[in-house]
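In the numbering used here, each number is its position in the sequence shown, counted from 1, plus 3.
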Amino acid sequence: MDKNQLLSKLWEQYAAITPSAKKIHTLLADKGETIQNDHIAIRTFNDPRINIAVLEKPFLAVGYEARGEYIFESKKLFAQHYEHTTDSSAPRIFISELELEKCSDELQQTVKNILDDCDQNEFSNPELVLSGSIWKSNSHAIYTSLLEESEYAAWMYVYGFRANHFTINLNALQHFEKLEELNSFLEENGWKLNASGGKIKGTPEQLLEQSSTLADLYSVNFEEGLFEIPSCYYEFALRYAMADGNLYQGFVASSADKIFESTDVKLQK
4 MDKNQLLSKL WEQYAAITPS AKKIHTLLAD KGETIQNDHI AIRTFNDPRI NIAVLEKPFL
64 AVGYEARGEY IFESKKLFAQ HYEHTTDSSA PRIFISELEL EKCSDELQQT VKNILDDCDQ
124 NEFSNPELVL SGSIWKSNSH AIYTSLLEES EYAAWMYVYG FRANHFTINL NALQHFEKLE
184 ELNSFLEENG WKLNASGGKI KGTPEQLLEQ SSTLADLYSV NFEEGLFEIP SCYYEFALRY
244 AMADGNLYQG FVASSADKIF ESTDVKLQK
């Protein structure tokens, strides 16, 4: 599988449970915009069977290399971002993992049980990052128990291995110079934005501004019945030039921390 196939499959899988993404894509295309992806984000646990070192493999194989590292203390997350070595237009890849050892014994045991119960051969699948939820367990009660401690863990339990969000590169748009302008356009067309920490996260001084929609609600068929669970969201990023004139390529942990909350059930109310 080459780079374009991998990225296309991630988009198709993401768009299947995030109908707002296609609608926003169409809304901007109808305005004459050509959309470029800034980055694609993926979640996992730091269990050695499925951690970042495992999920990065298909990206390394198609020409990506690791760059920045990020720590999110309050959410107990570690992340790395990747850039393509020869194609500067390729989206960055952002992979985060929940640091299980910092979580409660109950959460650690729940995740261990879920993983132990899987067909262990699944973890060596070269397309694991596209596999979605591979757990045999499908319990709303487990989802709810995870949600009490970590929204991130609960989301991962429901949706598994897939793109958590795609990101529109505002620098490549023709009709929007500022993130405020794009946010207003989206809100005027009925989209709700993540206001945690402000609708715009980051500043020009930090060289990166970000905003995002709230995650779509997707009907998930649990053992106990059908429930609507936040799925994925669409993000928007505006990058600023560094002292050398090149655009900043990394991420701002304090901003990303709030972007993570776009899938939070609490923000849907």
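Note that CB positions come from ideal geometry on N, CA and C, so glycine has one too.
Keep in mind that this is a model prediction, so the values were computed, not measured.
My assumption, with CB atoms under 8 Å, is that residue i sits in contact with residue j. Please give the rounded CB distance.
| i | j | result |
| --- | --- | --- |
| Tyr-251 | Leu-189 | The pair is not a contact, with the Cβ atoms about 23 Å apart (cut-off 8 Å). |
| Glu-238 | Ser-215 | 4 Å |
| Asn-78 | Asp-260 | One point to set straight first is that residue 78 is Lys, not Asn, in the sequence displayed. Right, the Cβ-Cβ distance comes to about 6 Å (below 8 Å), so this counts as a contact. |
| Ala-166 | Leu-58 | About 11 Å; that fails the 8 Å criterion. |
| Ile-262 | Gln-213 | 6 Å |
| Phe-169 | Leu-131 | Not quite, the Cβ-Cβ distance comes to about 19 Å (not below 8 Å), so this is no contact. |
Looking only at DSSP bridge pairs, what is residue i linked to?
| i | result |
| --- | --- |
| Asn-84 | The identity of residue 84 in the sequence shown is His, whereas the question assumes Asn. His-84 pairs with Phe-97. |
| Gln-213 | Lys-204, Ala-240 |
| Asn-40 | Ile-171 |
| Arg-46 | Ser-99 |
What span of residues does the alpha helix (DSSP H) with residue i cover, start to end?
| i | result |
| --- | --- |
| Asp-63 | Rather than Asp, the amino acid found at residue 63 in this sequence is Leu. Looking at the DSSP string, the run of the alpha helix (DSSP H) that includes Leu-63 is 60-64. |
| Phe-164 | Neither: Phe-164 is in no alpha helix (DSSP H) and is coded neither H nor E. |
| Pro-22 | 22-33 |
| Val-114 | 108-119 |
| Asn-224 | Unbroken run through Asn-224 is the beta strand (DSSP E), 220-225; no alpha helix (DSSP H). |
| Leu-152 | Leu is not the amino acid found at residue 152; the sequence shown has Glu there. That run of the alpha helix (DSSP H) goes 143-152. |
Going by CA-CA distance only, name the one from the options that's closest to residue i.
| i | options | result |
| --- | --- | --- |
| Ile-53 | Glu-36, His-42, Ser-127, Leu-10 | Ser-127 |
| Asn-141 | Ser-107, Gly-228, Pro-233 | Gly-228 |
| Glu-183 | Lys-202, Ala-218, Ala-244 | Lys-202 |
| Val-255 | Phe-97, Tyr-237, Leu-131 | Phe-97 |
| Ser-11 | Gly-200, Thr-29, Ile-43, Thr-88 | Ile-43 |
| Leu-9 | Gln-112, Leu-63, Ile-137, Glu-154 | Leu-63 |
| Trp-194 | Lys-26, Glu-104, Met-4 | Lys-26 |
| Asp-50 | Thr-89, Lys-78, Leu-103, Gln-213 | Leu-103 |
| Thr-47 | Ser-257, Pro-207, Gly-135 | Gly-135 |
| Ile-45 | Ala-24, Tyr-85, Lys-34 | Tyr-85 |
| Ser-92 | Lys-204, Asn-174, Gln-209 | Asn-174 |
| Thr-273 | Asp-5, Ala-69, Asp-120 | This structure does not reach residue 273, given that the chain is present from 4 up to 272, and the question cannot be answered. |
| Asp-90 | Ile-74, Lys-105, Gln-112, Val-65 | Val-65 |
| Gly-253 | Arg-95, Met-4, Ala-56, Leu-101 | Arg-95 |
| Glu-154 | Leu-101, Gly-248, Ser-187, Asp-5 | Leu-101 |
| Gln-209 | Leu-118, Glu-226, Met-245, Lys-34 | Met-245 |
Starting from residue i, follow the beta strand (DSSP E) in both directions and report where the run begins and ends.
| i | result |
| --- | --- |
| Asp-247 | That residue, Asp-247, is in no beta strand (DSSP E); it is neither H nor E in DSSP. |
| Phe-188 | It is not in any beta strand (DSSP E) - Phe-188 instead sits in the alpha helix (DSSP H) that spans 182-191. |
| Leu-133 | Note, Leu-133: premise wrong, no beta strand (DSSP E); not H, not E. |
| Ala-259 | Not the beta strand (DSSP E): Ala-259 falls in the alpha helix (DSSP H), residues 256-262. |
Taking a contact to mean a Cβ-Cβ separation below 8 Å, would you say residue i touches residue j in this structure?
| i | j | result |
| --- | --- | --- |
| Cys-235 | Tyr-17 | yes |
| Ser-107 | Phe-81 | no |
| Asn-7 | Asn-172 | no |
| Val-161 | Val-223 | yes |
| Leu-176 | Leu-196 | no |
| Glu-76 | Gln-83 | no |
| Ile-38 | His-28 | yes |
| Leu-220 | Pro-233 | yes |
| Leu-150 | Ala-157 | yes |
| His-178 | Glu-36 | yes |
| Glu-152 | Ser-199 | no |
Looking at residue i and the ligand GTP, is the gap between the Cβ and the nearest heavy atom below 7 Å?
| i | result |
| --- | --- |
| Gln-112 | Of the ligands one can find in the structure shown there are none, so the ligand GTP has no counterpart to examine. |
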